[in-house]
Amino acid sequence: MLKQYLDIHPEVQAALEQGKPVVALESTIISHGMPYPQNVETALKVEQIIRDNGAVPATIAILKGRLKVGMSQEEINYLGKAGEAVIKTSRRDIPFIVAKGADGATTVASTMILAAMAGIKVFATGGIGGVHRGAQQTFDISADLQELANTDVAVVCAGAKSILDLGLTREYLETQGVPVVGFQTDKLPAFYTRESDFSVDYRLEQPVEVAAAMKAKWDMGLKGGMVIANPIPHEHALDKALIDGAIARAVAEMDEKGIGGKASTPFLLAKVAEITEGHSLTANIELVYNNAKLAAEIAREYVAR
Numbered sequence: 006m007l008k009q010y011l012d013i014h015p016e017v018q019a020a021l022e023q024g025k026p027v028v029a030l031e032s033t034i035i036s037h038g039m040p041y042p043q044n045v046e047t048a049l050k051v052e053q054i055i056r057d058n059g060a061v062p063a064t065i066a067i068l069k070g071r072l073k074v075g076m077s078q079e080e081i082n083y084l085g086k087a088g089e090a091v092i093k094t095s096r097r098d099i100p101f102i103v104a105k106g107a108d109g110a111t112t113v114a115s116t117m118i119l120a121a122m123a124g125i126k127v128f129a130t131g132g133i134g135g136v137h138r139g140a141q142q143t144f145d146i147s148a149d150l151q152e153l154a155n156t157d158v159a160v161v162c163a164g165a166k167s168i169l170d171l172g173l174t175r176e177y178l179e180t181q182g183v184p185v186v187g188f189q190t191d192k193l194p195a196f197y198t199r200e201s202d203f204s205v206d207y208r209l210e211q212p213v214e215v216a217a218a219m220k221a222k223w224d225m226g227l228k229g230g231m232v233i234a235n236p237i238p239h240e241h242a243l244d245k246a247l248i249d250g251a252i253a254r255a256v257a258e259m260d261e262k263g264i265g266g267k268a269s270t271p272f273l274l275a276k277v278a279e280i281t282e283g284h285s286l287t288a289n290i291e292l293v294y295n296n297a298k299l300a301a302e303i304a305r306e307y308v309a310r
C-alpha cells in the first residue's frame with residue numbers, strides 16, 4: 006500500500022536491504038531555516054558529513070505529492086530555491102500535501118513518520134520542537150513531542166530549541182515516557198548553549214551505549230522514540246545572556262504581531278538571527294553538523310548489533 010505514495014532513493018533502499026547504517030534528515034531546515042543558496046550548501050554538507058562517518062544520508066521531503074526518503078542533489082536544490090513557498094509539513098498535513106500533489110518540507114514529526122515508513126531508526130536534526138512559552142494560555146505544543154511518544158525513531162539533536170519553554174518541554178517528554186539521553190552531558194542542552202537548568206534522564210558516553218539502549222527498547226516492544234541530546238561544540242556555543250536577551254526581544258515582537266502556530270518557530274529563529282547579527286544562524290549550522298556526525302556513529306553501532 007505504501008508503495009503508491011513512497012519513493013525511497015535507490016542508494017537508501019540498497020543500504021536498508023543490506024543492513025547498512027542510514028541517517029534521516031529533515032527538510033524544513035532547507036526551506037524555512039536559511040536563505041538560498043546557503044540552505045542547499047548546508048544540506049549537502051550535512052549529507053557529506055554522514056557519508057564521511059560511514060552512513061548513508063536520507064534527506065526527507067514531499068515533492069509533487071510523493072513521499073521522498075532520500076533525495077538527489079537536484080531535488081535538494083529545487084527545494085532550497087523554492088524556500089518558504091514550500092509548505093511546512095507536520096503529521097496533520099501529510100495526506101493533504103500528497104492528495105494535492107504539492108511540495109512539503111518535513112518537520113521533526115513528519116520526518117520521523119516517513120523515516121519509520123522506510124525502516125530508518127536514526128534521525129539527525131538541529132533541535133526538536135516543544136512546549137512554547139505561554140502555552141498555559143495558548144496550548145501551543147509542537148507535534149514533535151507526541152511523535153516522539155509514538156514513533157520508533159531516535160532523534161539526535163542539540164536539545165529543544167531555546168526559544169521554547171524548556172521546563173515544560175522536559176515535563177511533557179517525561180509524562181509521555183520519552184527517554185532523554187545526554188550525550189556526554191548531565192544537563193539538557195539548550196540549542197545555542199551547551200546547558201540549561203534541566204537534567205537529562207541518562208548520561209551516555211559512547212555511541213555504542215546509545216545503540217544498545219535503542220535496541221533494547223524496541224526489542225522489548227517499548228513504543229516511541231528517544232531524544233539524544235548532543236551539546237553544541239564549545240567553540241560555537243553562544244553566550245547565554247546574549248541569546249536569552251535576543252529570545253526575549255523576539256518573543257515580545259511575536260506576541261505583539263499575533264504570530265502563532267507553525268509560523269512561530271521560523272519567525273523566532275529569523276528574528277534571533279537578526280538580533281545576533283547572524284551569530285545564531287552560524288551556531289545553528291555548526292550544531293547540525295555536529296549532530297549529523299554523532300547520528301552516523303550511532304547508526305553504525307545500531308546496525309552492527
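If you read the sequence shown in our numbering, its first letter stands for residue 6, the second for the next number, and so on.
Where a beta carbon is used, it is the ideal one built from N, C-alpha and C, also for glycine.
Minimum C-alpha distance to residue i - residue among the options
{"i": "threonine 156", "options": "Val232, Gln211, Asp145, Asp191", "result": "Val232"}
{"i": "valine 256", "options": "Ser147, Arg138, Asn235, His284", "result": "Arg138"}
{"i": "histidine 284", "options": "Leu243, Met6, Gly263, Leu292", "result": "Leu243"}
{"i": "glutamate 279", "options": "Ile252, Thr190, Glu16, Gly85", "result": "Ile252"}
{"i": "methionine 122", "options": "Glu240, Leu72, His239", "result": "Leu72"}
{"i": "alanine 159", "options": "Val27, His239, Ile92", "result": "Val27"}
{"i": "glycine 109", "options": "Lys262, Gly134, Ile81", "result": "Ile81"}
{"i": "glycine 88", "options": "Glu214, Thr281, Ala66", "result": "Ala66"}
{"i": "serine 70", "options": "Glu306, Phe101, Arg310", "result": "According to the sequence displayed, residue 70 carries glycine and not serine. It is Phe101 whose Cα lies nearest to the Cα of glycine 70."}
{"i": "threonine 198", "options": "Pro42, Tyr83, His239", "result": "His239"}
{"i": "arginine 310", "options": "Ala216, Asn296, Val277", "result": "Ala216"}
{"i": "glycine 182", "options": "Leu169, Asp206, Glu52", "result": "Asp206"}
{"i": "alanine 317", "options": "Pro236, Lys262, Glu261", "result": "The structure shown does not extend to residue 317, since the chain spans only 6 to 310, so no value can be given for it."}
Residue i in three-state terms, based on DSSP
{"i": "threonine 198", "result": "strand"}
{"i": "phenylalanine 101", "result": "helix"}
{"i": "aspartate 12", "result": "strand"}
{"i": "threonine 2", "result": "Nothing in the structure corresponds to residue 2, since the chain is present only between 6 and 310."}
{"i": "proline 271", "result": "helix"}
{"i": "isoleucine 237", "result": "coil"}
{"i": "isoleucine 34", "result": "helix"}
{"i": "lysine 298", "result": "helix"}
{"i": "methionine 117", "result": "helix"}
{"i": "lysine 276", "result": "helix"}
{"i": "methionine 122", "result": "helix"}
{"i": "lysine 228", "result": "coil"}
{"i": "serine 147", "result": "coil"}
{"i": "serine 77", "result": "coil"}
Limits of the beta strand (DSSP E) - the one that residue i falls within
{"i": "alanine 311", "result": "Outside the displayed range of the chain (6 to 310) lies residue 311, so it cannot be described from this structure."}
{"i": "threonine 64", "result": "61 to 68"}
{"i": "alanine 159", "result": "159 to 162"}
{"i": "arginine 208", "result": "207 to 209"}
{"i": "alanine 29", "result": "27 to 30"}
Residue i: first and last residue of the uninterrupted alpha helix (DSSP H) it sits in
{"i": "alanine 217", "result": "212 to 224"}
{"i": "glycine 187", "result": "That residue, glycine 187, is in no alpha helix (DSSP H); its beta strand (DSSP E) goes 185 to 188."}
{"i": "leucine 72", "result": "Careful: leucine 72 lies outside any alpha helix (DSSP H), inside the beta strand (DSSP E) at 71 to 74."}
{"i": "lysine 93", "result": "Careful: lysine 93 lies outside any alpha helix (DSSP H), inside the beta strand (DSSP E) at 92 to 94."}
{"i": "valine 256", "result": "245 to 262"}
{"i": "isoleucine 168", "result": "It is not in any alpha helix (DSSP H) - isoleucine 168 carries neither H nor E in the DSSP assignment."}
{"i": "alanine 107", "result": "That residue, alanine 107, is in no alpha helix (DSSP H); it is neither H nor E in DSSP."}
{"i": "aspartate 57", "result": "43 to 57"}
7 Å CB neighbourhood of residue i in its chain, flanking five on each side removed
{"i": "arginine 96", "result": "Ala114, Ser115, Ile118, Ala148, Glu152"}
{"i": "alanine 195", "result": "Gly164, Ser167, Leu171, Ser201"}
{"i": "glycine 24", "result": "Val308"}
{"i": "lysine 3", "result": "Residue 3 is absent from the structure shown; the chain starts at 6 and stops at 310."}
{"i": "aspartate 312", "result": "The requested residue 312 does not occur in the structure, where the chain is confined to residues 6 to 310."}
Residues near residue i by beta carbon distance below 8 Å, same chain, minus five either side
{"i": "serine 77", "result": "His14"}
{"i": "threonine 180", "result": "none"}
Minimum Cβ-Cβ distance from residue i to chain D less than 9 Å
{"i": "isoleucine 92", "result": "Annotation note: the requested chain D is absent from the structure, which comprises a single protein chain."}
Residue i CB to nearest heavy atom of the ligand MN below 8 Å
{"i": "glutamine 189", "result": "This structure does not include the ligand MN; it has no bound ligands of any sort."}
Chain-order list of residues whose beta-carbon lies under 6 Å from that of residue i (same chain, five-residue window excluded)
{"i": "threonine 112", "result": "Thr33, Ser95"}
{"i": "tyrosine 177", "result": "Val136, Leu150"}
Three CB pairs or more closer than 8 Å across the stretch 29 to 38 and the stretch 130 to 143:
yes
Measuring CB atoms only, is the stretch 48 to 68 touching the stretch 285 to 303, in the sense that at least three cross pairs come out at less than 8 Å?
yes
For the pair the stretch 263 to 274 and the stretch 219 to 236, tell me if three or more CB-CB distances fall below 8 Å.
no
Does the stretch 257 to 267 touch the stretch 202 to 212, meaning 3 or more C-beta pairs lie closer than 8 Å?
no
Does the count of Cβ pairs from the stretch 285 to 296 and the stretch 231 to 250 closer than 8 Å reach three?
yes
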